[in-house]
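Visitor: Chains as they are written, first to last, in our numbering: chain A, 3 to 316; chain B, 3 to 316; chain C, 3 to 316; chain D, 3 to 316; chain E, 3 to 316; chain F, 3 to 316.
Once you've had a glance at the structure underneath, I'll fire off some questions.
There are 6 protein chains.
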Amino acid sequence: MGKGILHYDVGEQIELFLLIKSATKGTASNGKPFLTLILQDQSGEIEAKLWDANDDDEKSYAAQNIVKILGDVQSYRGKSQLKIRQIRRTGPADGVKLDDFLETAPLSIEEMQSELTQYIFEMKNPNIQRITRHLMKKHHKEFMEYPAATKNHHEFVSGLAYHVVSMLKLAKAIAALYPSLDKDLLYAGIILHDMGKVMELSGPISTVYTLEGNLLGHITIMINEIGKAAEELGISGEEVLILQHLVLSHHGKAEWGSPKPPLIKEAEILHYIDNIDAKMNMLEGALERVKPGEFSERIFALDNRSFYKPVFHK
Amino acid sequence: MGKGILHYDVGEQIELFLLIKSATKGTASNGKPFLTLILQDQSGEIEAKLWDANDDDEKSYAAQNIVKILGDVQSYRGKSQLKIRQIRRTGPADGVKLDDFLETAPLSIEEMQSELTQYIFEMKNPNIQRITRHLMKKHHKEFMEYPAATKNHHEFVSGLAYHVVSMLKLAKAIAALYPSLDKDLLYAGIILHDMGKVMELSGPISTVYTLEGNLLGHITIMINEIGKAAEELGISGEEVLILQHLVLSHHGKAEWGSPKPPLIKEAEILHYIDNIDAKMNMLEGALERVKPGEFSERIFALDNRSFYKPVFHK
Amino acid sequence: MGKGILHYDVGEQIELFLLIKSATKGTASNGKPFLTLILQDQSGEIEAKLWDANDDDEKSYAAQNIVKILGDVQSYRGKSQLKIRQIRRTGPADGVKLDDFLETAPLSIEEMQSELTQYIFEMKNPNIQRITRHLMKKHHKEFMEYPAATKNHHEFVSGLAYHVVSMLKLAKAIAALYPSLDKDLLYAGIILHDMGKVMELSGPISTVYTLEGNLLGHITIMINEIGKAAEELGISGEEVLILQHLVLSHHGKAEWGSPKPPLIKEAEILHYIDNIDAKMNMLEGALERVKPGEFSERIFALDNRSFYKPVFHK
Amino acid sequence: MGKGILHYDVGEQIELFLLIKSATKGTASNGKPFLTLILQDQSGEIEAKLWDANDDDEKSYAAQNIVKILGDVQSYRGKSQLKIRQIRRTGPADGVKLDDFLETAPLSIEEMQSELTQYIFEMKNPNIQRITRHLMKKHHKEFMEYPAATKNHHEFVSGLAYHVVSMLKLAKAIAALYPSLDKDLLYAGIILHDMGKVMELSGPISTVYTLEGNLLGHITIMINEIGKAAEELGISGEEVLILQHLVLSHHGKAEWGSPKPPLIKEAEILHYIDNIDAKMNMLEGALERVKPGEFSERIFALDNRSFYKPVFHK
Amino acid sequence: MGKGILHYDVGEQIELFLLIKSATKGTASNGKPFLTLILQDQSGEIEAKLWDANDDDEKSYAAQNIVKILGDVQSYRGKSQLKIRQIRRTGPADGVKLDDFLETAPLSIEEMQSELTQYIFEMKNPNIQRITRHLMKKHHKEFMEYPAATKNHHEFVSGLAYHVVSMLKLAKAIAALYPSLDKDLLYAGIILHDMGKVMELSGPISTVYTLEGNLLGHITIMINEIGKAAEELGISGEEVLILQHLVLSHHGKAEWGSPKPPLIKEAEILHYIDNIDAKMNMLEGALERVKPGEFSERIFALDNRSFYKPVFHK
Amino acid sequence: MGKGILHYDVGEQIELFLLIKSATKGTASNGKPFLTLILQDQSGEIEAKLWDANDDDEKSYAAQNIVKILGDVQSYRGKSQLKIRQIRRTGPADGVKLDDFLETAPLSIEEMQSELTQYIFEMKNPNIQRITRHLMKKHHKEFMEYPAATKNHHEFVSGLAYHVVSMLKLAKAIAALYPSLDKDLLYAGIILHDMGKVMELSGPISTVYTLEGNLLGHITIMINEIGKAAEELGISGEEVLILQHLVLSHHGKAEWGSPKPPLIKEAEILHYIDNIDAKMNMLEGALERVKPGEFSERIFALDNRSFYKPVFHK
């Protein structure tokens, strides 16, 4: 599809198909309505304003439509903004489809599935293995497609599965260095820790929180799921309680959403692994957009810090 | 049984049957072992030291035994302490039994049961009523006997049921003043909010935390219970989610153990009612032991404050 | 007066008399001046922009004027906004008056006065009763008319008296359940706790802080008033000190404005009662504007939470 | 009186008259009572244990008695402790009197009085001057004798007046460098800021908090005093309000006891001056007891820090 | 140069030469570009919008250019704003130069230099004196010209030197009142404490942070400088370590940027002196712009407080 | 040497050579002196009391002496304590030497040295490599022998080098999973991050803080060292600044001692790696002392949590 929207510099003209991620109506200070469009392709997203938007525009340029745009990349308050010269909705003749515009995980679902199967296969404790396999099967489709969050990190199609697979690899490497770690617990804890997101979030695109997500949250939802799985499988050992504890405590502190802090060694390490993979994802995302010798945009979930790319990192 | 241990003043001599609540062995600074006994009757408890305790003493004066003591009430660091002159273990001939020494709720189990039944009966929403009744039935025995906590407030036999009944009365009065409140939700939320304690705590006496209590806590345990109850009863309406939210949020804030804050009006009010009844129980307990014109002992759960009893409160 | 401004839905056209609560001049991004008007009637308030406002407009449409407006209710950033088609200032011929546009307490001043008199009459301690009656008499007019705050809760004409009467009813109900509470102290504490607002705030409408309010605050002001009252009445018992303490500590913590936390049982309960009535007022206000199945606007003073109205709350 | 108790090193034998500052009874781990005595002379204080203390000892060696002691200075957990060999109560024949054992300000009451008079004399604003003079006169005796606190800083006889005089000198120096400061306000604020301590504290020796001190605190007490003074003097200008604000805000922040932070330039500076003089007093006290190259004892009110005395500070 | 821009009231017309401090391009809500200009002369600065700015305008009205403006002072959200009627860039014929528009310290560089020399001359400890003199010489030019900060306080040409000279005078006055203070340490600590700013900041005008400033900060930079100076001078006594500690700890707390809190008496006092001079500078700056009886703008670095100027401060 | 002291259960009798780690004199409540001895061998340490200790005992049983003890392992407040029956100082005839009693890293100095050499060898950036090699050479002896801390983690001989080697392995594994990481920076940052401890701490045994450690801390000390190394090697590229930043920021937050937070990706990851290795060391240390189904002692540096060892972890 040629160069993505994120790779155009300020001052360049673009002529691109873009997906409308969201469209919000506003009233300009001259009293006329306008639309704020967030436009995206697989390279990332950009904001654009459509001035003097009438009712037809509002319908034509709603979220999830694909448009063809002729315009200029400008700078506004230090961020890129698209100045629209021409815009039109696409039709069948344009030969474009939704999937071409969505950011997705760098691994295919098949590759990730194969990794996950292997890690579950390696588990030696049958109770832990059966519960994990049961829940993976139950939520399989959503688990492979949902993002890991609505923003901050892994906020793309299949982001949840990709985050989990990356954590599993990290866990394997760490467990090799500290052999006292129970790999079964680590692997199962990683696979289950965010699985509740398939009920907390609405789906892979235009993701919002469900009512259950708002009132209970993915941690509490998942504790229930583990409880039900154990009952259905007739498993009652301490493993059930420990797996629930791993999920319950993975945010690390009460004020971060875990009513119990980690009280098992593997729960503590799971919290660290989750943190490293999430932060690496944010850091790589922010730094790939800057040149050596520059500071990145501020990253909210990293205490709003702006990171520097050394000049010798050419 | 005559005057309780708490009603003796410093300087008085006592000759009483007392229950050993706990016995901890220590080594005195002269190298000899001693026992720290917490002795109780229904009026309250007092500490005593048994010096030069040998191995037989350690066995005879273990927790849950009833002893007969001759001694003097003394003052040590501003608290009463019992100086033991004579101590002996009781036998069948003494005609004393465990129940006579345990602090219990001021209402009988029958009275409280009758109140609870009435409140459940008054519920109009059948889903809410059925779930509440089901869980009350399932955990009935423990619910009527357990304390509400190991310390701080309602830490006596049947303290949990007494706390719940007091809260229900308070809820009824408040709902009469603010008619927009949903009484069904309030009553059900109150009955269920601490019910998980029957699994978090070990039992009505010498209460400690269970492993499940340590690793999950009564809130998470109870969310599971409501989920299971709904499944068994075939109820799937929004009421299930809302009841789980009421329990989940009743500590008010993440740092106090609720991963979601109250997001329903009745959840917010439930948190206030819980707070008022717990704090009134602490305040009344602390102030009944001081005379007008004096300050109470410091109350840890009230920010370690010491409360004053006005002189005109004779 | 027909349907209030708050009861029109987005898309509806209105033709209404409205009171200008505030008018702020701004410069549009095209360099021309405009007015931001907050318009109100007894149902609530709505924002409107008056574009291209000249100097005459600025004078005509100043705060406290009543206008007749023809316009459309629109949505702007999730809040309703009024698009003005025609606006004119009203004159005597329109037969409208200020009082018809002000939100006031749901009870009349006479009803509230009668309640207050009764509660003071019930006090048994003559010192407490005389001080309360003296101060009520001294500040009577303002006490019955002032709001309880400039925003957040009870921010309407007679809001202060209404808040106090609601708290008194709550106190009566609570004292019936916990008989150890001193009703005289509770009632007097409630009547006096916010009375300093009649000096902290400027008046019942377009309320702002006075210099005394800014530099001392209503709590400190009221401590002085109680001291003076006691001196004038020749009362010197511990009751004076305790009443001052009740007022001083009613915000509960130093960081919330009480240099001493509650150190009297009734002071602690007064703080809870104040909290419940204020929060119920906010919650009811926010939730009456949403439909079942929706979340309310964020409520700043409730940690910026958005509350959910269950679907079964039809 | 020879070398003071603080100037004896560990290992030295002493034979001294000492004042009993406090005496607390305890029970040793062998079951026998003992007394913990805090003994003082003008150089400072030291702890001593009197083992196997009988009832007569308890009476003889109560607080405020002067004793003659033969003993050894020992080290216990890094602090000096006195091992008592012989102790006896003194009588008229010993020719010792209370005043000889109390730590007092390094300036005489006459000197401090003269300084205070001069600063009040220099005030140009008659309202400020009259209120200050009136209150100084009203509380004169206590103001000249009370300590500034029960511990931490200026905790000696006439400590309050000494602290105020030191602050006045500091204010004069600072105002000379920043001429925009209003010296009248600064001087009056300094003289009045802690004057409420004469009602908050019980007296110059064995100082404890009064009930009024506990329930209201010296800041609130003093606001009342300024209000009364203004009324008695018939002064009603903004100066009254500003003086009350200076006192109210002098702790700087709500969580440190000032319900309003400084909102006047002189109030802000008053807070800094108070801080500097209090901290200098603590630092000098702690450092005069250590040798160059050593760290001082931890100073609780300075975040529990231990300060180093450089080797080149011989 | 006549009346400065800050001394014009809202409503007045101006015709002035002004320096463009910064110029930021924006897009108006009608889609057209505009420039936000911050214009300054020695009296202070004002914001102005230049609507419909074309590319030529963007070049002509860039930062550091001097312009002649005809316009009106207006009020926008409580702050003054300049409405531009005519604007033109100046040329040699206008006879204006950069220095005439920059705010500078109220003392000349020569006066400040002479003060600094005198304070260094008074030092008695040769190690302290030599290190201070060496570093002062090394960074002399920048030290005399840099501001003390990019905003908040002493943010003008030579602000750093002026801040240091004011602190030295304050130190002299305080040391006279507390003779135990080591004047050498105080003076050297004051001169060195912020000297690292000559490497942390980019220069005297349009000041931004350097990379070294962002990644290390002026405190760490200066520790290095003292270390190097000592090495070059062959000084190795405890004085080096103590001077480094004075600089390291001068922000007072870890969360304010000092990894070690003050652990030397003079370090503690240095922190207070720094604070007083910085805050006095902010307070005087904010209050000179308001009339008696008014509140100042909010001062961010003083907890966002707004300060009141008493009516009797005419 | 047979079974270590830590492997004896309560109730067992021991006859062992032990090293006195520390000896503190106290006064028993009967007035007689005693010694609190911390005794250690390579398995760990235990506390013992030596009652009625005379002056000779104090000299014989000072720290760093090896003693032979006959005694019983007892339990005191949940911790093991040694009851001494016989104790005697050892002499040459006993054939025991200091090294046999010290806990040391599980890898030999040679093994660790070889690992370190290899990691430095792998660095590709010559500036980074040269600085690292230079500093490693300069502080080689101490770096290989010092502990990583006085308590909490890696508090044993060669603990610093062992901690660094473990972190390097972890870094290698993580960098393999996230190839965007600069391995040179990570490896150099890890080797240098705590090297300042060789000046902050006093040595490998009986470790305390040096004056430089107290007043500057290991981070600030090391920044200086890197600066000096670069100067000596004539290196001036951005690498010097970045290496200083890595060391400066490795505690992650200002309140944890890093005046600048990580602003380079590798600095952020270095902080996580440091954390994981330190916490794993604490967790393994605490859990190896408990049996499956038990909770560990509380670990202060892990928020005082007590960790559970699952029953299925046999």
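Just so it is clear, CB atoms sit at the ideal spot from N, CA and C, and this is done for glycine as well.
1. Work out the CA separation of Ala-231/B and Glu-234/A for me, nearest whole Å.
2. Starting from Leu-104/E, trace the alpha helix (DSSP H) both ways and give me its first and last residue.
3. Would you list the one or two residues that DSSP bridges to Glu-17/A?
4. For Asp-11/D, which three-state DSSP category applies?
5. Contact check, Ile-193/B vs Met-138/B under 8 Å by CB: the rounded distance?
6. Alpha carbon to alpha carbon, how far is Lys-34/B from Asp-54/B?
7. Any beta-carbon of chain A closer than 8 Å to the one on Thr-152/E?
8. Would you call the CB atoms of Leu-179/E and Lys-171/D closer than 8 Å?
9. Would a check of beta-carbon distances place Thr-92/B closer than 8 Å to chain F?
10. Please give the ranges of any alpha helix (DSSP H) in the stretch 87-133 of chain B, keeping only runs that are unbroken, at least 4 residues long and fully inside the region.
11. Anything in chain D within Cβ reach of Tyr-78/B, meaning under 8 Å, just list it in chain order.
12. For the alpha helix (DSSP H) containing Thr-2/B, list its first residue and its last residue.
13. For a quick check, are the C-beta atoms of Asn-154/A and Met-284/A less than 8 Å apart?
14. Between Ser-251/C, Leu-104/C, Leu-217/C, which lies nearest to Gln-66/C when the distance is taken from Cα to Cα?
15. With 8 Å as the threshold, decide whether the Cβ of Pro-264/D is near any Cβ in chain C.
16. Quick one: grab the DSSP three-state call for Tyr-189/A.
17. For Asn-67/E, which residues in chain D fall below 8 Å Cβ to Cβ?
18. What does a CB cutoff of less than 7 Å around Pro-312/F pick up in its chain, not counting 5 residues either side in sequence?
19. Per DSSP, what are the beta-bridge partners of Gln-42/D in this structure?
20. Are Ala-269/C and His-247/C close, meaning C-beta to C-beta below 8 Å?
21. Give every residue of the same chain whose Cβ lies closer than 6 Å to the Cβ of Asp-74/A, excluding the five residues on either side of it in the sequence, and list them in chain order.
22. Hey, quick one: how far does the beta strand (DSSP E) through Glu-299/B stretch, first residue to last?
23. Report the residues of the stretch 174-197 of chain A with a CB closer than 9 Å to any CB of chain C, ordered along the chain.
24. List the DSSP bridge partners of Leu-162/A.
25. Using C-beta distances below 6 Å, list every residue in its chain close to Arg-90/E, excluding the 5 sequence neighbours before and after it, in chain order.
26. Just the Cα atoms here: how many angstroms apart are Leu-39/F and Ala-288/F?
27. Give the residues of chain D in contact with Glu-214/C, contact being defined as C-beta atoms less than 7 Å apart.
28. Quick one: using the 10 Å Cβ neighbour count with 16 as the cut-off for buried, is Lys-316/D buried or exposed?
29. Rank Lys-185/C, Ile-228/C, Ser-298/C by C-alpha distance to the C-alpha of Asn-127/C and give the top, closest one.
30. Cβ closer than 9 Å: which chain C residues qualify as neighbours of Tyr-310/E?
31. Is Glu-326/F close to chain E, meaning its C-beta is less than 8 Å from at least one C-beta of that chain?
Guide: In short, the structure shows the following:
1. If you draw a straight line from the Cα of Glu-234/A to the Cα of Ala-231/B, it comes to about 15 Å.
2. First-last for Leu-104/E: undefined, no H or E at that position.
3. Answer is Leu-72/A.
4. Correct three-state label for Asp-11/D: coil.
5. In this structure Ile-193/B is in contact with Met-138/B, their Cβ atoms being roughly 6 Å apart against a cut-off of 8 Å.
6. Cα to Cα, the separation comes out at about 6 Å.
7. Answer no: the Cβ-Cβ gap between Thr-152/E and chain A never drops below 8 Å.
8. Cβ atoms of Leu-179/E and Lys-171/D: closer than 8 Å.
9. No, Thr-92/B does not count as interfacial toward chain F.
10. Within the stretch 87-133 of chain B, the runs of alpha helix (DSSP H) at least 4 residues long that lie entirely inside it are, in chain order, 111-124.
11. Going along chain D in sequence order, the residues near Tyr-78/B (Cβ under 8 Å) are Gly-28, Thr-29.
12. Summary: the structure shown does not reach residue 2/B, with chain B confined to residues 3 through 316, and so no result is reported for it.
13. In this structure, Asn-154/A sits near Met-284/A, with a CB-CB distance shorter than 8 Å.
14. Closest option to Gln-66/C, Cα to Cα, is Leu-104/C.
15. It does not: the Cβ of Pro-264/D has no partner Cβ on chain C nearer than 8 Å.
16. Shown here, Tyr-189/A sits in a helix according to DSSP, grouped into three states.
17. By Cβ distance, chain D contributes nothing, its closest Cβ being about 35 Å from Asn-67/E, past 8 Å.
18. Excluding sequence neighbours, Pro-312/F sits near Pro-294.
19. According to DSSP, Gln-42/D bridges with Leu-21/D, Glu-47/D.
20. Yes, the pair counts as a contact, with Cβ atoms nearer than the cut-off.
21. Cβ neighbours of Asp-74/A beyond the five flanking positions: Gln-15, Lys-85.
22. The continuous beta strand (DSSP E) containing Glu-299/B extends over residues 297-301.
23. Listed in sequence order: no entries.
24. Note: Leu-162/A sits in no beta bridge, so no partner.
25. Cβ neighbours of Arg-90/E within its own chain (closer than 6 Å, five residues either side excluded): Lys-70.
26. Distance between the alpha carbons of Leu-39/F and Ala-288/F: 22 Å.
27. Within chain D, the residues whose beta carbon sits less than 7 Å from that of Glu-214/C are Leu-243, listed in sequence order.
28. Counting other Cβ atoms within 10 Å of its Cβ, Lys-316/D stays below 16 and is therefore classed as exposed.
29. Nearest C-alpha to Asn-127/C: Lys-185/C.
30. Per Cβ cutoff of 9 Å: Leu-213, Asn-216, Leu-217.
31. Only positions 3 to 316 of chain F appear in the structure, and residue 326/F is not among them; the question remains open.
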